[in-house]
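Asker: Sharing a structure here in structure tokens format.
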Amino acid sequence: MIEESSYKSGFVSIVGRPNVGKSTLLNRLVGQKIAIMSDKSQTTRNKIQGIATTNKEQIVFIDTPGIHKPKHRLGDFMVETALSTFNEVDVVMFLVNVTEKRGPGDNYIIEKLKYVESPVFLVLNKIDQVHPDELLPIIEDYNNQMTFSEIVPISAKDGNNVEHLVKTIRNYLPLGPQFYPEDQVTDHPEYFIVSELIREKILERTREEVPHSIAVVIESMQRNADDKVEVRAVINAERKSQKGIIIGKQGKMIKEIGIHARRDIEKLLGDKIYLELFVKVQSNWRDKQTNLKEFGYNKEEY
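This note's numbering numbers the first residue of the sequence shown as 307 and each following residue consecutively.
What follows is the structure, encoded as structure tokens:
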């Protein structure tokens with residue numbers, strides 16, 4: 307039973323350089339996979355909201371694209387998307403990878419965080435990969451750059467100390483209502499998550515520029531006469547050579563992408579899926595405003 311007089315709710319953004327584990331942490335916090343994960347940088351392109359609800363509080367976590375030096379309009383969109391969350395939330399979590407030294411990317415984010423009015427947590431991720439004695443110098447180094455409201459070491463991958471992180475966040479949340487139903491884990495429509503799961507399978511199987519040159523658009527999702535959900539998705543590549551790589555010799559690559567994506571989509575939807583994948587070439591789409599809007603990277607929505 308929820309006691310409304312003491313119920314807390316709020317918004318928490320997760321920011322940091324590319325590939326520090328933001329999506330892994332979001333999935334851990336909400337208890338299931340809603341953000342795609344990859345060892346390639348700049349995997350997340352949009353803000354992805356994950357919702358964690360208990361009988362005491364509801365926390366809406368916002369996973370943001372990794373903040374980096376943009377090389378095209380898509381990059382501009384991603385960085386602006388991340389920075390836009392700084393003053394809209396109750397807590398900002400600055401996630402850093404303790405296995406890497408503080409670099410120019412971290413310094414750039416710190417300079418932006420100095421002007422944030424919301425409490426800023428320093429969250430030290432991947433502590434399972436270093437000796438505990440190595441943490442103190444890292445903490446001191448970051449403490450010398452700015453004052454943080456809280457410093458919490460965690461491992462997003464194995465869940466170490468994540469529960470303590472949530473308890474600490476709770477102390478900073480205001481009293482408030484439950485914004486979303488208790489069984490809802492994201493505010494994104496299903497077709498967005500489905501397109502991201504397909505993109506994840508491409509990220510896992512391609513190299514160099516190919517994974518970053520791909521946009522997946524769901525053209526339709528509907529139930530057929532056999533009670534399967536038919537998903538029709540278009541993979542947009544920037545060059546003809548990339549299209550060839552994604553399709554693969556005798557269609558082997560696209561078939562493999564489809565098989566693995568379908569498994570994750572079936573888990574997400576709890577339904578049997580019929581997945582159709584098509585590949586199109588849209589030259590230099592990352593620098594074209596019309597393509598960015600068409601593929602879901604729309605500044606007006608953020």
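Idealized CB from N, CA, C, for every residue including glycine. Here the structure is a predicted model, which means the values were calculated and not measured.
1. Please confirm if the stretch 442-450 is in contact with the stretch 473-491, defined as three or more CB-CB distances below 8 Å between the two stretches.
2. Report all residues from its chain with a CB closer than 6 Å to the CB of Glu462; omit the five preceding and five following residues, and keep chain order.
3. Between the Cα of Asn590 and those of Arg545, Asp577, Ile553, spot the shortest distance and give me the residue it belongs to.
4. Taking the alpha carbon of Glu394 as the point to measure from, which residue in Thr370, Gly337, Gly465, Ile560 has its own alpha carbon closest?
5. Counting only runs that start and end within the stretch 502-543, where is the alpha helix (DSSP H) found for 4 or more residues in a row?
6. Assess, as a yes-or-no matter, whether the stretch 484-493 is touched by the stretch 453-461 under the definition of 3 or more beta carbon pairs within less than 8 Å.
7. If you follow the beta strand (DSSP E) that Asn413 is part of, which residue opens it and which one closes it?
8. Counting C-beta neighbours from all protein chains within 10 Å, is the total for Met343 16 or more, i.e. buried, or is it exposed?
9. Where do the N-terminal and C-terminal ends of the beta strand (DSSP E) with Met399 fall, by residue?
10. What residue does the beta strand (DSSP E) around Ile433 start on, and which one ends it?
11. Look up Phe392 in the DSSP assignment and say whether it is helix, strand or coil.
12. Taking all protein chains shown into account, decide if Ile565 is buried (16 or more other Cβ within 10 angstroms of its Cβ) or exposed.
13. Here's the rule I'm using: 16 or more other beta-carbon atoms within 10 Å means buried, otherwise exposed. How should Gln595 be labelled?
14. Would you kindly work out how many angstroms separate the C-alpha atoms of Val522 and Asn325, rounded to a whole number?
15. What three-state label does DSSP hand Asp577 in the structure shown?
16. Can you give the Cα-Cα distance for Glu406 and Val398, rounded to whole angstroms?
17. Please name the residue or residues paired with Leu428 in a DSSP beta bridge.
18. Taking just the CA atoms, how far does Glu510 sit from Asp532?
19. Taking the C-alpha atoms as reference points, what is the distance between Val472 and Phe498?
20. Considering only DSSP beta bridges, list what Ile571 is partnered with.
21. What residues are listed by DSSP as bridge partners for Val585?
22. Can you tell me where the beta strand (DSSP E) with Phe363 in it begins and where it stops?
23. How far does the alpha helix (DSSP H) with Val326 in it extend, from its first residue to its last?
24. When you compare each of Glu502, Gly316, Leu581, Ile563 to Arg529 by their alpha carbons, which one comes out closest?
25. Hey, how far is the Cα of Lys559 from the Cα of Gly316?
26. Hey, out of Phe392, Lys362, Asn361, Thr360, whose CA is closest to Ile368's CA?
27. At the level of alpha carbons, what is the spacing between Glu525 and Ala567?
Answerer: Once the coordinates are examined:
1. no
2. It is worth fixing the name first, because residue 462 is Ala in this sequence and not Glu. Gly327, Thr330, Leu331, Arg334, Asn431.
3. Arg545
4. Thr370
5. The qualifying runs do not exist here; there are none.
6. no
7. Careful: Asn413 lies outside any beta strand (DSSP E), inside the alpha helix (DSSP H) at 410-419.
8. Only weak support exists for where Met343 lies, its pLDDT of 49 falling under 50; the value from the coordinates is given anyway. The residue is buried, with at least 16 neighbouring Cβ atoms inside 10 Å.
9. Met399 -> beta strand (DSSP E) spans 397-403.
10. Premise fails: Ile433 is in no beta strand (DSSP E) and is neither H nor E.
11. DSSP places Phe392 in the coil class of the three-state scheme, outside both helix and strand.
12. exposed
13. Looking at its Cβ environment, which holds fewer than 16 other Cβ atoms inside 10 Å, Gln595 is exposed.
14. 21 Å
15. coil
16. Distance between Glu406 and Val398, taken at the CA atoms: about 21 Å.
17. Here Leu428 is bridged, per DSSP, to Phe400, Ile457.
18. 31 Å
19. 27 Å
20. In the DSSP output, where bridge partners are listed per residue, Ile571 has none listed.
21. Ile541
22. Just to set this straight, residue 363 is Glu in the shown sequence, not Phe. 363-369 is the extent of the beta strand (DSSP E) around Glu363.
23. Element bounds for Val326: n/a, residue is neither H nor E.
24. Leu581
25. Residue identity check: residue 559 is Met in the sequence provided, not Lys. Answer to the nearest angstrom: the Cα atoms are 43 Å apart.
26. Phe392
27. 16 Å
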